[in-house]
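Single-structure report; data block below.
Numbering (the UniProt record's numbering), first residue to last: 1 to 334.
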């Protein structure tokens with residue numbers, strides 16, 4: 001295995017994918033720090049409002065050499081920025097910093113990463129893709145003005161796949177499809193492990209609207225909440241021409257959310273971030289409206305519905321990882 005820029009950038013990209021969508025409305029970003037050929041940190045941005053990937057990595061790298069530093073008690077991004085600027089003692093001057101997205105140049109809920117790197121003056125900053133967001137972009141220029149070496153475009157295709165979901169919710173409704181299946185394609189009933197279900201509940205916590213087919217509601221009688229993580233329950237859109245449902249089904253009894261029963265898909269545009277949970281039959285009906293797909297594969301075989309032979313679609317795999325025993329595959333249309 002060749003240890004080069006591609007190797008380290010892949011580590012950063014893989015780390016970022018672990019938090020894909022969970023950082024909404026921010027992009028998923030990963031960062032790796034190397035000092036004199038030694039890998040010091042592999043970190044990612046984990047949730048909007050919390051420290052960005054670069055800040056988490058800079059903190060981890062500093063603690064790698066200074067494990068008893070008071071820095072380990074600091075969680076707030078602004079506090080970490082302030083500590084590193086005052087106490088770095090040129091520690092980062094011979095470090096190379098790999099980041100999947102151009103460091104932000106914008107002061108919002110957290111300070112600008114580009115300003116922090118400008119003060120720390122690393123040896124080189126390696127970037128997969130430039131930030132096209134007019135508000136946050138400009139980090140490269142800030143660093144170049146400080147004579148910090150910049151390399152751009154490392155694993156650019158993989159970096160673009162990583163930010164595809166983020167780009168999908170810029171200035172429009174973002175709609176993605178989540179489907180869980182067994183090895184033989186069964187999609188009905190409980191499929192995922194408890195860890196996989198917790199992940200799905202974490203996704204539900206981030207979205208504004210959850211879309212599900214009427215037949216699934218009648219057969220499975222689901223709750224469609226976020227009880228595994230105690231999160232926010234999204235509004236529900238039941239896609240059905242038949243508007244009659246048993247109101248004793250648990251989803252109708254969940255407080256603080258709206259339940260819409262309709263076959264008018266234009267109503268989805270009233271929301272910003274939409275997840276569709278369903279079978280391949282529902283995917284066939286809605287395929288023209290989705291931005292990307294999350295396929296969860298459980299390592300089991302069971303009897304059940306399998307409609308995958310009724311749909312013809314070509315995909316590109318953007319990324320694969322595991323949550324517990326479940327395989328998570330992110331797909332986009334070719």
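Heads up, the beta-carbon is just placed ideally off N, CA and C, and yes, glycines get one too.
Just so it is clear, the structure is predicted and the values come from calculations on it, not from any experiment.
Does the separation of the CB atoms of residue i and residue j fall below 8 Å?
{"i": "residue 161", "j": "residue 318", "result": "yes"}
{"i": "residue 164", "j": "residue 292", "result": "yes"}
{"i": "residue 301", "j": "residue 196", "result": "no"}
{"i": "residue 93", "j": "residue 67", "result": "no"}
{"i": "residue 205", "j": "residue 232", "result": "yes"}
{"i": "residue 99", "j": "residue 31", "result": "yes"}
{"i": "residue 45", "j": "residue 23", "result": "yes"}
{"i": "residue 198", "j": "residue 229", "result": "yes"}
{"i": "residue 54", "j": "residue 95", "result": "no"}
{"i": "residue 187", "j": "residue 304", "result": "yes"}
{"i": "residue 311", "j": "residue 283", "result": "yes"}
{"i": "residue 131", "j": "residue 158", "result": "no"}
{"i": "residue 173", "j": "residue 285", "result": "no"}
{"i": "residue 337", "j": "residue 127", "result": "With the chain covering 1 to 334 only, the question about residue 337 has no answer from this structure."}
Which residues in the same chain have their Cβ closer than 6 Å to the Cβ of residue i, if we skip the five residues on either side of it in sequence?
{"i": "residue 384", "result": "Absent from the model: residue 384. The displayed extent of the chain is 1 to 334, so no value can be given."}
{"i": "residue 40", "result": "33, 61 and 64"}
{"i": "residue 56", "result": "43"}
{"i": "residue 109", "result": "49"}
{"i": "residue 168", "result": "174 and 291"}
{"i": "residue 395", "result": "The structure shown does not extend to residue 395, since the chain spans only 1 to 334, so no value can be given for it."}
{"i": "residue 326", "result": "192, 193, 196, 296 and 298"}
Can you give me the C-alpha to C-alpha distance between residue i and residue j, rounded to a whole angstrom?
{"i": "residue 209", "j": "residue 145", "result": "44 Å"}
{"i": "residue 8", "j": "residue 42", "result": "9 Å"}
{"i": "residue 267", "j": "residue 80", "result": "43 Å"}
{"i": "residue 275", "j": "residue 107", "result": "30 Å"}
{"i": "residue 21", "j": "residue 15", "result": "13 Å"}
{"i": "residue 26", "j": "residue 166", "result": "7 Å"}
{"i": "residue 226", "j": "residue 19", "result": "17 Å"}
{"i": "residue 138", "j": "residue 219", "result": "52 Å"}
{"i": "residue 69", "j": "residue 78", "result": "17 Å"}
{"i": "residue 1", "j": "residue 245", "result": "57 Å"}
Per DSSP, residue i forms a beta bridge with which residues?
{"i": "residue 322", "result": "327"}
{"i": "residue 275", "result": "176 and 210"}
{"i": "residue 181", "result": "297"}
{"i": "residue 39", "result": "34"}
{"i": "residue 292", "result": "176"}
Given residue i, which residues of its chain have a CB within under 8 Å of its CB, disregarding the five upstream and five downstream residues?
{"i": "residue 322", "result": "328"}
{"i": "residue 90", "result": "121"}
{"i": "residue 36", "result": "94"}
{"i": "residue 143", "result": "103, 114, 117, 118, 125 and 150"}
Less than 7 Å between C-beta atoms, sequence neighbours within five positions excluded: which residues of the same chain meet that for residue i?
{"i": "residue 368", "result": "As displayed, the chain neither begins before 1 nor continues past 334, which places residue 368 out of reach and without an answer."}
{"i": "residue 59", "result": "71 and 80"}
{"i": "residue 190", "result": "none"}
> Should the region 140-155 be regarded as contacting the region 164-183, the criterion being three or more beta carbon pairs within less than 8 Å?
Replying inline: no
>> If contact is defined by three or more beta carbon pairs under 8 Å, each pair taking one atom from either stretch, is the region 245-257 in contact with the region 181-189?
In response: no
> Can you find at least 3 beta carbon pairs, one from the region 229-245 and one from the region 255-274, that sit closer than 8 Å?
Replying inline: yes
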